[in-house]
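Taking it in order: structure first as C-alpha coordinates, then the write-up.
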Amino acid sequence: SGCLGLGPLLTQSSPPRLVVTLSELKVKVLSISCGRKHTLALTDYGVYSWGSNAYGQLGLGHFVQESPYPQILSSIASVKIIDIAAGQYHSIALTSTGKVYTWGWGIHGQLGHGNCDNEFYPKLINFPHPVKQVSAGHA
(Lines of atoms letter the chains of each structure in order from A and count residues from 1; the text may use other names and numbers.)
(Lines give C-alpha, C1' and ligand atoms only; values in the text may rest on other atoms or scores of the structure.)
Protein backbone atom coordinates (compact mmCIF):
# COMPACT_ATOMS: atom_id res chain seq x y z
CA SER A 1 0.00 0.00 0.00
CA GLY A 2 2.99 2.33 -0.21
CA CYS A 3 3.24 2.88 3.54
CA LEU A 4 7.04 3.17 3.32
CA GLY A 5 6.80 6.18 0.98
CA LEU A 6 9.15 4.50 -1.49
CA GLY A 7 6.65 3.75 -4.25
CA PRO A 8 3.81 1.30 -4.91
CA LEU A 9 5.91 -1.87 -5.17
CA LEU A 10 8.06 -1.53 -2.07
CA THR A 11 6.10 -2.49 1.04
CA GLN A 12 8.90 -4.12 3.03
CA SER A 13 12.41 -2.85 3.52
CA SER A 14 15.19 -4.33 5.61
CA PRO A 15 17.80 -1.56 5.71
CA PRO A 16 16.63 2.02 6.33
CA ARG A 17 15.94 3.86 3.08
CA LEU A 18 15.60 7.54 2.34
CA VAL A 19 12.12 8.77 1.39
CA VAL A 20 13.37 10.35 -1.81
CA THR A 21 10.29 12.50 -2.44
CA LEU A 22 10.84 14.53 0.74
CA SER A 23 14.57 14.77 0.04
CA GLU A 24 13.94 16.02 -3.50
CA LEU A 25 11.49 18.63 -2.22
CA LYS A 26 14.25 20.01 0.02
CA VAL A 27 11.94 20.13 3.04
CA LYS A 28 13.29 19.74 6.56
CA VAL A 29 11.59 16.82 8.33
CA LEU A 30 10.82 17.80 11.93
CA SER A 31 9.02 14.63 13.07
CA ILE A 32 7.51 11.39 11.80
CA SER A 33 4.56 9.39 13.14
CA CYS A 34 3.44 6.00 11.87
CA GLY A 35 0.02 4.38 12.01
CA ARG A 36 -0.77 0.81 11.04
CA LYS A 37 -0.64 1.44 7.29
CA HIS A 38 0.10 5.14 6.96
CA THR A 39 2.80 7.63 7.84
CA LEU A 40 2.77 11.36 8.64
CA ALA A 41 5.74 13.69 8.32
CA LEU A 42 5.81 17.15 9.88
CA THR A 43 8.14 19.35 7.85
CA ASP A 44 9.09 23.01 7.78
CA TYR A 45 6.73 23.31 4.81
CA GLY A 46 3.70 21.47 6.23
CA VAL A 47 2.35 17.99 6.91
CA TYR A 48 2.83 15.17 4.40
CA SER A 49 1.05 11.80 4.46
CA TRP A 50 1.35 8.53 2.57
CA GLY A 51 0.24 4.89 2.68
CA SER A 52 -3.31 3.57 2.98
CA ASN A 53 -6.27 5.96 2.97
CA ALA A 54 -8.95 3.30 3.61
CA TYR A 55 -10.52 5.37 6.41
CA GLY A 56 -9.38 8.84 5.37
CA GLN A 57 -6.26 8.75 7.56
CA LEU A 58 -4.16 10.50 4.91
CA GLY A 59 -6.45 13.55 4.95
CA LEU A 60 -6.48 13.67 1.15
CA GLY A 61 -10.21 13.18 0.53
CA HIS A 62 -12.60 10.39 -0.45
CA PHE A 63 -11.19 9.59 -3.86
CA VAL A 64 -7.63 8.64 -2.86
CA GLN A 65 -7.42 4.96 -1.81
CA GLU A 66 -3.70 5.06 -1.12
CA SER A 67 -0.65 7.15 -1.85
CA PRO A 68 2.70 5.41 -2.34
CA TYR A 69 4.50 8.77 -2.17
CA PRO A 70 4.27 11.64 0.34
CA GLN A 71 1.48 14.14 -0.41
CA ILE A 72 1.14 17.57 1.21
CA LEU A 73 -2.04 18.14 3.22
CA SER A 74 -3.07 21.26 1.34
CA SER A 75 -6.20 21.75 3.47
CA ILE A 76 -4.03 22.72 6.48
CA ALA A 77 -0.99 24.04 4.60
CA SER A 78 -1.67 27.62 5.71
CA VAL A 79 -1.81 26.61 9.40
CA LYS A 80 1.39 26.40 11.49
CA ILE A 81 1.47 22.77 12.69
CA ILE A 82 3.86 21.98 15.57
CA ASP A 83 3.05 18.34 16.39
CA ILE A 84 1.53 15.30 14.70
CA ALA A 85 0.37 11.85 15.81
CA ALA A 86 -0.78 8.82 13.84
CA GLY A 87 -3.11 6.27 15.41
CA GLN A 88 -3.97 2.93 13.86
CA TYR A 89 -6.18 4.47 11.17
CA HIS A 90 -6.50 8.11 12.27
CA SER A 91 -4.32 11.20 12.39
CA ILE A 92 -3.91 14.28 14.59
CA ALA A 93 -2.24 17.66 14.06
CA LEU A 94 -1.61 20.34 16.70
CA THR A 95 -1.29 24.00 15.72
CA SER A 96 1.00 26.64 17.21
CA THR A 97 -2.08 28.25 18.80
CA GLY A 98 -3.14 25.03 20.57
CA LYS A 99 -5.87 24.00 18.16
CA VAL A 100 -6.28 20.36 17.14
CA TYR A 101 -7.25 18.84 13.80
CA THR A 102 -8.19 15.16 13.46
CA TRP A 103 -9.11 12.94 10.52
CA GLY A 104 -9.44 9.29 9.54
CA TRP A 105 -11.19 6.41 11.30
CA GLY A 106 -13.80 7.61 13.78
CA ILE A 107 -15.68 4.41 14.67
CA HIS A 108 -15.06 4.75 18.42
CA GLY A 109 -15.39 8.54 18.58
CA GLN A 110 -11.60 8.95 18.79
CA LEU A 111 -11.62 11.94 16.44
CA GLY A 112 -13.38 14.03 19.09
CA HIS A 113 -16.14 15.47 16.89
CA GLY A 114 -19.06 14.15 18.92
CA ASN A 115 -19.85 11.33 16.49
CA CYS A 116 -18.36 8.10 15.12
CA ASP A 117 -17.96 9.26 11.52
CA ASN A 118 -14.80 8.95 9.47
CA GLU A 119 -13.29 12.25 8.34
CA PHE A 120 -11.46 12.39 5.02
CA TYR A 121 -9.95 15.84 5.56
CA PRO A 122 -8.46 17.45 8.69
CA LYS A 123 -11.31 18.78 10.83
CA LEU A 124 -10.93 21.19 13.74
CA ILE A 125 -11.98 20.03 17.23
CA ASN A 126 -13.54 22.65 19.49
CA PHE A 127 -11.69 22.65 22.83
CA PRO A 128 -12.32 25.36 25.45
CA HIS A 129 -8.58 25.81 26.09
CA PRO A 130 -5.38 25.51 24.03
CA VAL A 131 -3.89 22.01 23.80
CA LYS A 132 -0.16 21.52 24.43
CA GLN A 133 0.52 18.00 23.13
CA VAL A 134 -1.16 15.24 21.10
CA SER A 135 -0.75 11.48 20.91
CA ALA A 136 -2.72 8.65 19.34
CA GLY A 137 -3.23 4.97 19.97
CA HIS A 138 -5.19 2.11 18.45
CA ALA A 139 -8.58 3.82 18.42
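Each residue of the sequence shown is one higher than the one before, starting from 1216 at the first, in our numbering.
We treat Cβ as the ideally placed atom computed from N, Cα and C, and that holds for glycine.
Computed from a predicted model, the values in this text were never measured in an experiment.
For this session: Check the DSSP bridge columns for V1244 and list the partner residues they point to.
Result: T1258
Exercise. Would A1356 be called buried (16 or more neighbouring beta carbons within 10 Å of its own) or exposed?
Worked result: What is shown of the chain runs 1216 to 1354, which leaves residue 1356 out entirely.
Problem set entry | Alpha carbon of G1271 to alpha carbon of H1277, nearest angstrom | 7 Å
For this session: Taking only the alpha-carbon atoms, compute the straight-line gap between P1230 and G1261 and give it to the nearest angstrom.
Result: 27 Å
Exercise. Per DSSP, G1319 forms a beta bridge with which residues?
Worked result: H1305 and E1334
For this session: Quick one: measure Cβ to Cβ for L1255 and I1322, integer angstroms, because I've assumed they're closer than 8 Å.
Result: That pair is no contact at about 20 Å.
Problem set entry | Integer Cβ distance of S1264 from L1257, believed to fall under 8 Å | S1264 to L1257, Cβ: 10 Å. No contact.
Exercise. Thinking C-beta only, is K1243 closer than 8 Å to G1266?
Worked result: no
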